[in-house]
Amino acid sequence: MYRADAAAIAGGVSGLELMEVAGAAIADTVQELWPTGDVLVLCGPGNNGGDGFVAARLLAEAGRQVRLALLGSIDKLEGDAGANAARWSGAVLPLAPSLLDGADVVIDALFGAGLGRPLDGDARETIEALAASGLPCVAVDVPSGVHGDTGQVLGTAAQAEVTVTFFRRKPGHLLYPGRALCGEVRVADIGIPDTVLAQISPQLSENRPELWRDLLPRPQPQAHKYDRGHAVVAGGAVLTGAARLASHAALRMGAGLVSIAAPPDAGVIYRSGPPTIMVRDIPDGASFAAMLAELKVTAALIGPGNGVDGRVGGATADRVLRALALRPCVLDADALTVFADDPDKLFAALGATSAGTNVLTPHDGEFARLFHSQQESDGKIEMARAAALRANATILLKGADTVIAAPDGRAVVNTNA
Numbered sequence: 142m143y144r145a146d147a148a149a150i151a152g153g154v155s156g157l158e159l160m161e162v163a164g165a166a167i168a169d170t171v172q173e174l175w176p177t178g179d180v181l182v183l184c185g186p187g188n189n190g191g192d193g194f195v196a197a198r199l200l201a202e203a204g205r206q207v208r209l210a211l212l213g214s215i216d217k218l219e220g221d222a223g224a225n226a227a228r229w230s231g232a233v234l235p236l237a238p239s240l241l242d243g244a245d246v247v248i249d250a251l252f253g254a255g256l257g258r259p260l261d262g263d264a265r266e267t268i269e270a271l272a273a274s275g276l277p278c279v280a281v282d283v284p285s286g287v288h289g290d291t292g293q294v295l296g297t298a299a300q301a302e303v304t305v306t307f308f309r310r311k312p313g314h315l316l317y318p319g320r321a322l323c324g325e326v327r328v329a330d331i332g333i334p335d336t337v338l339a340q341i342s343p344q345l346s347e348n349r350p351e352l353w354r355d356l357l358p359r360p361q362p363q364a365h366k367y368d369r370g371h372a373v374v375a376g377g378a379v380l381t382g383a384a385r386l387a388s389h390a391a392l393r394m395g396a397g398l399v400s401i402a403a404p405p406d407a408g409v410i411y412r413s414g415p416p417t418i419m420v421r422d423i424p425d426g427a428s429f430a431a432m433l434a435e436l437k438v439t440a441a442l443i444g445p446g447n448g449v450d451g452r453v454g455g456a457t458a459d460r461v462l463r464a465l466a467l468r469p470c471v472l473d474a475d476a477l478t479v480f481a482d483d484p485d486k487l488f489a490a491l492g493a494t495s496a497g498t499n500v501l502t503p504h505d506g507e508f509a510r511l512f513h514s515q516q517e518s519d520g521k522i523e524m525a526r527a528a529a530l531r532a533n534a535t536i537l538l539k540g541a542d543t544v545i546a547a548p549d550g551r552a553v554v555n556t557n558a
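Counting from 1 along the sequence shown, just add 141 to a position and that's the residue number in my numbering.
Now the structure itself:
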């Protein structure tokens, strides 16, 4: 956000004007959702606190009973925050948990998305008391204590009913646990021009259809099934359900032809499915490679239910290494875990392919087994980015807040899976 603010101010937008509009959005939210009752505004020592001073002033001018508490000395406030503190005519109370008594709604304007250290002292005690109180809370930018880039909690944070942020959502609004703590996220237009996006060139986006809708091929009436791609799914001998579900998904998403490469002993199970899915008996890795080379195959999925133990695991690894030399691959589940003891073997094969052509889709456990050196403290986005660079592949790190990252650093966060 600070980069967007700086670019807007450099383009002629007043910082005081930005803060005034931001504070108005906060005050309007309180008036809309809690039109009566006493308001307590918790202000921090930076611009987040400046937004709180504006909101407090506007609410008081509207006739609300408002108390304002400040972390630190008002004499140390600088810039736009200091200017708006000077415009506040009410008392400035020292921040303390006891101030929550008598409040009906709280505005948390202590710290925003730029916080990089755990809350401590009076700030920590007050936020812990707020979390325990059950009072409705409007957070400014993010709930205090939520890391704006990772969504992780820095010591403690209180649940907000509503979070008012500005210009665009931050990663901390999209990634858990911050996503849950933010409650409803409202993005207020405070006058930052959309052209600022081009100036700051963000490498991270929320995954929305407008990002990729126009890139999807539109089948023409005269098109052949192969024009829509031929997907091959490697099936396992025992756990057949995963490959069968994946085959159905490939059809649903528009593949022109879907084939299952089935172990001969399980062929009858796979053939009991819909006739729209082709099944071919494939006894070993060499046969699988021949299938990929002979047929008009667009991409292969390997891993779901394929097996990792003993001879079966060796066959899964062999299948992966052969396939990577022939076609773009999606590697999931067992196709990742089978390389847990020697991930460099997989990375070497991926490194010989075009960057980002192949897709790895681990959940947290599979990710940890494959990318041992990645630290959770780096945050999910940076973990996925580093893994994508290491693997020379697109990483889809699954979860309720799935992150998709490319080797060139681009990343998106899913808000629906």
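Note that CB positions come from ideal geometry on N, CA and C, so glycine has one too.
Which two residues bound the contiguous beta strand (DSSP E) that contains residue i?
| i | result |
| --- | --- |
| PHE307 | 303–307 |
| SER346 | 345–347 |
| ALA375 | 371–375 |
| LEU442 | 440–443 |
| ASP368 | Neither: ASP368 is in no beta strand (DSSP E) and is coded neither H nor E. |
| ILE545 | 544–546 |
Quick one: give me the first and last residue of the alpha helix (DSSP H) that residue i is part of.
| i | result |
| --- | --- |
| MET432 | 426–435 |
| MET394 | Where MET394 is concerned, there is no enclosing alpha helix (DSSP H), given that its DSSP letter is neither H nor E. |
| LEU538 | Counting along the chain, LEU538 falls outside any alpha helix (DSSP H), though it belongs to the beta strand (DSSP E) covering 535–538. |
| GLU325 | Here GLU325 belongs to no alpha helix (DSSP H); instead the beta strand (DSSP E) covers 325–329. |
| LEU487 | 484–492 |
| VAL553 | Run containing VAL553: none in the alpha helix (DSSP H); it sits in the beta strand (DSSP E), 552–554. |
| ILE268 | 262–274 |
| GLN172 | 156–174 |
| ARG463 | 451–465 |
| TYR411 | 408–412 |
| GLY190 | 188–202 |
| GLU351 | 350–353 |
| ALA321 | 319–322 |
Taking a contact to mean a Cβ-Cβ separation below 7 Å, would you say residue i touches residue j in this structure?
| i | j | result |
| --- | --- | --- |
| SER388 | VAL373 | no |
| LEU398 | HIS371 | yes |
| VAL328 | VAL171 | no |
| ALA532 | PHE488 | yes |
| VAL500 | VAL461 | no |
| GLY395 | ALA384 | no |
| PRO469 | ALA440 | yes |
| ALA137 | ASP425 | Past the edges of the chain, shown from 142 to 558, lies residue 137, and the structure says nothing about it. |
| LEU316 | ASP482 | no |
| ASP179 | ALA244 | yes |
| ASP192 | LEU236 | no |
| PHE360 | ARG369 | The residue asked about is misnamed: residue 360 is Pro in this sequence, not Phe. Cβ atoms of PRO360 and ARG369: closer than 7 Å. |
| ALA378 | ALA407 | yes |
| ALA534 | LEU491 | yes |
| ASP473 | THR498 | no |
| LEU260 | ILE248 | no |
| ALA250 | GLY292 | no |
| PRO238 | ALA270 | yes |
Can you name, in chain order, every residue of its own chain whose Cβ lies under 6 Å from the Cβ of residue i, other than the five neighbours on each side?
| i | result |
| --- | --- |
| LEU345 | ALA552 |
| ILE331 | LEU159, VAL162, ALA163, PHE307 |
| GLY204 | none |
| ALA226 | PHE194, ILE215, LEU218 |
| LEU442 | VAL374, ALA387, VAL471 |
| ALA458 | VAL479 |
| ALA496 | ASN533, PRO548 |
Using a Cβ-Cβ cut-off of 8 Å (strictly less than) and excluding sequence neighbours within five positions of residue i, which residues of its own chain qualify?
| i | result |
| --- | --- |
| GLY382 | GLY446 |
| PRO484 | LEU511, PHE512, HIS513 |
| CYS323 | ALA280, VAL283, PRO284, VAL287, ALA301, THR304, GLY313, HIS314 |
| GLY454 | GLY448, ASP475, VAL479 |
| LEU199 | GLY164, ALA165, ALA168 |
| ARG258 | LEU295 |
| LEU234 | ARG208, LEU209, ALA210, LEU211, LEU240 |
| LYS311 | MET142, ALA254, ASP282, VAL283, GLY289, ASP290 |
Below 7 Å CB to CB, which residues in the same chain sit around residue i once its five sequence neighbours on both sides are set aside?
| i | result |
| --- | --- |
| LYS437 | TYR367, HIS371 |
| TYR143 | Note that TYR143 has pLDDT 49, beneath the 50 cutoff, so the model's placement of it is unreliable and no number is given. |
| LEU174 | VAL303 |
| ARG526 | ALA546, GLY550, ALA552 |
| VAL544 | LYS521, ILE522, ALA525, LEU538, ALA552, VAL554 |
| PRO405 | ASP422, PRO424 |
According to DSSP, residue i sits in a beta bridge with which residue or residues?
| i | result |
| --- | --- |
| LEU183 | ALA210, ASP249 |
| MET419 | SER400 |
| LEU501 | LEU472, ILE536 |
| ALA280 | ASP249, THR304 |
| PRO360 | Answer is none; PRO360 lacks a bridge partner. |
| LEU234 | ALA210 |
Using a Cβ-Cβ cut-off of 7 Å, state whether residue i counts as contacting chain D.
| i | result |
| --- | --- |
| THR297 | As a matter of chain content, chain D is missing from the structure shown, which is built from one protein chain. |
Item to complete: Kindly confirm or deny that the segment 171–186 and the segment 208–220 touch, where touching means at least three C-beta pairs closer than 8 Å.
Response: yes
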